[in-house]
Amino acid sequence: MCCQPSECSICDFYVAQLSFLFSFFTQYLINVTSVDDFPRFSFRGLLLDSSRHFQPVKVLKQNLDAMAYNKLNVFHWHLVDDQSWPLQMAVYPNLTQSAYSPKHVYCRNEVQDIIEYARLRGIRVIPEIDTPGHTQALGKIFPGKLRQSPPYSDGPSAALCVL
1 MCCQPSECSI CDFYVAQLSF LFSFFTQYLI NVTSVDDFPR FSFRGLLLDS SRHFQPVKVL
61 KQNLDAMAYN KLNVFHWHLV DDQSWPLQMA VYPNLTQSAY SPKHVYCRNE VQDIIEYARL
121 RGIRVIPEID TPGHTQALGK IFPGKLRQSP PYSDGPSAAL CVL
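Sequential numbering from 1 applies to the sequence shown in UniProt numbering.
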């Protein structure tokens, strides 16, 4: 509570003084209460697409804190897509060349850090790497490995096939 006029506005000062004065003459009672608060659904999640909209690790952690505060327990992390592959992989280091920017890449330690940060808050992380769908980012890096499939009458006409 603010009690010095130099620390707050004059109005705030008088409110603080009056509340201090009236606290001697007023008794506040709080009834004993119990609150049973539990989630209705076992799967309470959030999907974040950091392939199309890269989010720094700091922002991901802020989202996880907000999820924990609101009792969400599943973080569906859409990591890669046609437009960008921001996930660094030891086996295929060239994949990150299709990321929007060299700065917009998650390294292994950052992914592990996010998973552990979420675990400590009771949140399960589901990292999504959607293949063979959403593989145009792979086609940019490995042009000889993917080709467009011939059109079929009962299927998509622009599907990509892995050779």
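C-beta: ideal position from N, C-alpha, C; glycine also. Treat the numbers as computed from the prediction; the structure is a model and nothing was measured.
Quiz item: Got a sec? Which residues, its chain only, sit under 7 Å from residue 213 by beta carbon, not counting five neighbours each side?
Solution: Here the chain has residues from 1 to 163 only, and residue 213 is not among them.
Quiz item: Where R52 and G144 are concerned, what is the direct C-alpha to C-alpha distance, given to the nearest angstrom?
Solution: Start at 1 with the first residue of the sequence shown, and residue 52 comes out as number 52. Start at 1 with the first residue of the sequence shown, and residue 144 comes out as number 144. Near 25 Å, if we compare the C-alpha coordinates of G144 and R52.
Self-check item: Coarse secondary structure for residue 165, derived from DSSP in three states
Solution: A query on residue 165 cannot be resolved here, the shown segment of the chain reaching from 1 to 163 and no further.
Quiz item: By how many angstroms is the C-alpha of H134 removed from the C-alpha of A158?
Solution: Along the sequence shown, one-based indexing puts residue 158 at 158. Along the sequence shown, one-based indexing puts residue 134 at 134. In this predicted model, A158 has a pLDDT of only 49, less than 50, meaning its place in the structure is not dependable; the value taken from the coordinates is given anyway. Whole-angstrom Cα-Cα distance: 12 Å.
Exercise. Return helix, strand or coil for L87, following the three-state DSSP convention.
Key: The count along the sequence shown starts at 1 and reaches residue 87 at position 87. DSSP places L87 in strand when its eight states are reduced to three.
Self-check item: Per DSSP, cross-strand counterpart(s) of H76
Solution: As a working mapping, residue 76 is identified with position 76 in the sequence shown. Answer is L47, I126.
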